[in-house]
Amino acid sequence: MAQMTMIQAITDALRTELKNDENVLVFGEDVGLNGGVFRATEGLQKEFGEDRVFDTPLAESGIGGLAIGLALEGYRPVPEIQFFGFVFEVMDSVSGQMARMRYRSGGKYSSPITIRSPFGGGVHTPELHADSLEGLMAQQPGLKVVIPSTPKDAKGLLISSIRDNDPVIFLEHMKLYRSFREDVPEEEYTIEIGKADVKREGTDLSIITYGAMVHESIKAAEALEKDGYSVEVVDLRTIQPLDIETIIASVEKTNRAIVVQEAQKQAGIAASVVAEINDRAILSLEAPVLRVTAADTVFPFSQAETVWLPNVKDIIETAKKVLEF
Amino acid sequence: MASKKTAQFDAVKTLANIEEQFEMFQILDEEGNVVNEDAMPEISDEDLQELMHRMVYTRILDQRSISLNRQGRLGFYAPTAGQEASQIASHFALEKEDWVVPGYRDVPQIIWHGLPLSQAFLFSRGHFLGNKSPEGVNVLPPQIIIGAQYVQTAGIALGLKKRGKKAVAVTYTGDGGSSQGDFYEGINFAGSYAAPAIFIVQNNQFAISTPRDKQTAGKTIAQKAVSAGIPGILVDGMDPLAVYVATLDARERAVNGEGPTLIETLCYRYGPHTMAGDDPTRYRTSEMDTEWEKKDPLVRFRNFLEAKGLWNEEKENEVIEIAKEEIKEAIKVADDTGKQKVTDLMEIMYDEMPYNLKEQYEIYKEKESK
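Here the protein sequences come in this chain order: A and B. Per our numbering, residue -3 is the first one in the first sequence, and the count goes up by one each step. Per our numbering, residue -19 is the first one in the second sequence, and the count goes up by one each step.
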């Protein structure tokens, strides 16, 4: 075991897979000598050479196309999109092309590509860096979308993503990159994509969430415990496909749920989770399932960011509405 | 004007100098006379005949496809007549292990690269098996998003280079496609990695209805290669020998590690953009059509071959008969292929079906069993 931040765990996962599989290629803007703007690829070019870890020209669609083409020649590309707000530049490659490659080639070709990208609010970036755009990705059949909330999860999930034979969008919350360390096994291990993790057990309410909101939700659960409530926190970890089994098992145990996401409310992951609960467990519910989200505006400039983002207080308030229904 | 223009400072002159370098490369004139003896390729008589065979066959395939489409027996179809030299002669310079990354009008090239004709018809009919090229045939399905094939080609080419293969990735788009961001990103990425790619722009003068001069201020599309720092060449796209030589030359550079080439072929599509209701009389004059038909690639190549004693009416009719027979056979295979099911699609969305598809699979299996 070693104490690692999430960014160190990510580098460790990349190193592990670069070692394991000579078809793994890591590339993107500034990922080579510079080690990436967040240092996620620190030292990897030096260790594995420029043939395996390399810089690209500054063009996201080109990076997406490069990944698709390299996959067709049998590689397992792990491109970085420097900030996920830049995904619009590469949307065709992602949604129009790699997600459809199996089908449009009659199953002959696939896109075993892992797109890594930082996102997430609370770190005062310029615009179109921090947006939570995972809903756009989750709506595209053919993709998987993974969002880790801890260093340990990040390593296991990233290794699984790279080994996955379908395109995975691997989103790394910037606020979590260096916010804390935890014990991370130094040896290789995988965490199954599509499996949620109960981060905190409880019996009165399920908080279903992912990404940085896992930590806000745990804080809320701890505060609610002082009021006598036992709150469970389910970390989805993969938002496409959802781990229906774990979600439903938790709701059937607690009979009450809220869903927390950092993204705007409209047409989001939380809405999907609520719908799945209604489809599958409505008779277990003692109260409506409510959502805690950001407002349905574009992501604000940094001055308004803190107020805009959902926080512990918002979660406690909504949790109480459901608990006291 | 703040200061007197010097040679270094005269940007207008710099552009003019570049543009005048891009003269059209031609070997055969409209009558089939060799006008550029020095550029004549070393090519056997059999290969010359095979190239003619393929162009005649492709013209017949186009005529039959249009007629099958009108009878409701084919779906999506983008006519190819007029572009045979650009399509078939460029492909003729390739090797089996090369990749062909087509736009939607480039079905003939992937057929000649090994996609069975019956599958081309299935593609037209919207059946997913049409796109499943046989193992060892390195072609992608015809690209619908204009330009996407350019960035993917850069990736395939980089992969070929990393694998140390002596092969190239060749892609096609049109004059309209050269305006896309992906066009620039593709040629620029490939150039930056010296990747073995050949980027072909079939400039058929119209992007659906938009004329070439509305796409760009550039005098040629070939000159856009300069911006990526790669060689570019403007070719008479109605001249099969010029297209063949230009592609062969680009291929040789590519496999020798000298990077990609951009080839602009000046050509014309005689038919509509697609068979889905486009009416070229809205944007083209019959004078223009006639002007271009005089340049026809089949006519000039036939003249050239006949003068060499390599072609005659009998040979031509033989090809026409073969084409008609094979088209009939291929349509029959397509007719006999069962309709595509939604469950077929569900089975190949992912390597392993996620829970939501598993549930929906049962619903569609039931629906489709009725």
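All C-beta atoms, glycine included, are put in the ideal place defined by N, C-alpha and C.
Indicate whether residue i and residue j have their beta-carbon atoms separated by less than 8 Å.
i, j, result
"residue 196 of chain A", "residue 229 of chain A", "yes"
"residue 93 of chain B", "residue 80 of chain B", "yes"
"residue 140 of chain B", "residue 147 of chain B", "yes"
"residue 278 of chain A", "residue 243 of chain A", "no"
"residue 150 of chain A", "residue 6 of chain A", "yes"
"residue 331 of chain B", "residue 161 of chain A", "yes"
"residue 24 of chain A", "residue 76 of chain A", "yes"
"residue 324 of chain A", "residue 231 of chain A", "The structure shown does not extend to residue 324 of chain A, since chain A is modelled only from -3 through 321, so no value can be given for it."
"residue 355 of chain A", "residue 173 of chain A", "With chain A covering only -3 through 321, there is no way to say anything about residue 355 of chain A."
"residue 39 of chain B", "residue 278 of chain B", "yes"
"residue 140 of chain A", "residue 78 of chain A", "no"
"residue 388 of chain B", "residue 36 of chain B", "Here chain B has residues from -19 to 350 only, and residue 388 of chain B is not among them."
"residue 114 of chain A", "residue 50 of chain A", "no"
"residue 89 of chain B", "residue 107 of chain B", "no"
"residue 371 of chain B", "residue 239 of chain B", "With chain B represented from -19 up to 350, any question about residue 371 of chain B goes unanswered, as that position is not in the structure."
Apart from the five residues on each side of it in sequence, which residues of its chain come closer than 8 Å, Cβ to Cβ, to residue i?
i, result
"residue 306 of chain A", "209, 212, 256, 257, 258, 288, 289, 290"
"residue 70 of chain A", "19"
"residue 318 of chain A", "201, 252, 253, 254, 283, 284, 285, 286"
"residue 128 of chain B", "162"
Which partner residues does residue i have in the DSSP bridge list?
i, result
"residue 182 of chain B", "B:154, B:245"
"residue 196 of chain A", "A:229"
"residue 234 of chain A", "A:142"
"residue 179 of chain A", "A:-1"
"residue 50 of chain A", "A:23"
"residue 113 of chain A", "A:167"
"residue 204 of chain A", "A:230, A:255"
"residue 79 of chain B", "B:149"
Counting only C-beta atoms, is residue i closer than 8 Å to chain B at any point?
i, result
"residue 15 of chain A", "no"
"residue 278 of chain A", "no"
"residue 68 of chain A", "yes"
"residue 162 of chain A", "yes"
"residue 101 of chain A", "yes"
"residue 138 of chain A", "yes"
"residue 326 of chain A", "Residue 326 of chain A lies beyond the residue range present for chain A, which begins at -3 and ends at 321; the question has no answer from this structure."
"residue 24 of chain A", "no"
"residue 135 of chain A", "no"
"residue 275 of chain A", "no"
"residue 93 of chain A", "yes"
"residue 98 of chain A", "yes"
"residue 240 of chain A", "yes"
"residue 89 of chain A", "yes"
"residue 206 of chain A", "no"
"residue 324 of chain A", "The requested residue 324 of chain A does not occur in the structure, where chain A is confined to residues -3 to 321."
Which residues in the same chain as residue i place their Cβ atom closer than 7 Å to its Cβ, once the five residues preceding and following it in sequence are excluded?
i, result
"residue 230 of chain B", "178, 241, 243"
"residue 187 of chain B", "154, 155, 156, 195"
"residue 158 of chain A", "13, 20, 72, 74, 110"
"residue 52 of chain A", "23, 24, 25, 58, 59, 62"
"residue 373 of chain B", "Shown here, chain B extends from -19 to 350; a query on residue 373 of chain B therefore has no answer."
"residue 86 of chain A", "56, 57, 59, 60, 77"
"residue 226 of chain B", "5, 213, 215, 243"
"residue 66 of chain B", "182, 217, 223, 245, 247"
"residue 201 of chain B", "155, 158, 181, 183, 244"
Taking only beta-carbon atoms, is residue i less than 8 Å away from chain A?
i, result
"residue 172 of chain B", "yes"
"residue 138 of chain B", "yes"
"residue 165 of chain B", "yes"
"residue 169 of chain B", "yes"
Here's a check: name, in chain order, each residue in its chain whose Cβ is nearer than 6 Å to the Cβ of residue i, leaving out the five neighbours to either side.
i, result
"residue 294 of chain A", "none"
"residue 8 of chain B", "219, 221, 280, 284"
Please confirm whether any heavy atom of the ligand ADP lies closer than 7 Å to the CB of residue i.
i, result
"residue 141 of chain A", "For the structure depicted, the ligand ADP is absent and the ligand set is empty, with no information on it obtainable."
message: Using a Cβ-Cβ cutoff of 8 Å, what residues of the segment 43 to 66 of chain A are near chain B? List them in chain order.
response: Within the segment 43 to 66 of chain A, the qualifying residues are 47, 52, 53, 55, 57, 58, 60, 61, 62, 63, 64, 65, 66.
- request: Determine which residues of the segment 117 to 138 of chain B have a Cβ less than 8 Å from any Cβ of chain A, and write them out in chain order.
  value: Answer in chain order: 120, 121, 125, 128, 130, 131, 132, 133, 134, 135, 136, 137, 138.
message: Taking beta-carbon pairs under 7 Å, can you tell me which members of the segment 103 to 117 of chain B lie near chain A?
response: Those would be 108, 109, 111, 112, 113, in chain order.
field: Residues within the segment 29 to 40 of chain A neighbouring chain B, beta-carbon criterion of under 9 Å
entry: Look at the segment 29 to 40 of chain A: it has no residue with a C-beta under 9 Å from a C-beta of chain B.
Positions along the segment 316 to 337 of chain B whose CB lies within less than 7 Å of some CB in chain A: Cβ proximity to chain A below 7 Å picks out 325, 328, 329, 330, 331, 334, 335, 336 from the segment 316 to 337 of chain B.
message: Tell me which residues of the segment 102 to 131 of chain A have at least one Cβ-Cβ distance to chain B shorter than 9 Å, keeping chain order.
response: Within the segment 102 to 131 of chain A, the qualifying residues are 102, 103, 104, 105, 106, 108.
message: For the segment 162 to 190 of chain A, list every residue whose C-beta sits within 9 Å of some C-beta in chain B, in sequence order.
response: Answer in chain order: 162, 190.
message: So if I threshold CB-CB distances at 7 Å, which residues from the segment 73 to 107 of chain B count as touching chain A?
response: Within the segment 73 to 107 of chain B, no residue has its Cβ closer than 7 Å to any Cβ of chain A.
- prompt: Along the segment 140 to 161 of chain B, what residues have a CB closer than 8 Å to any CB found in chain A?
  reply: Here the close residues are 140, 142, 143, 149, 161.
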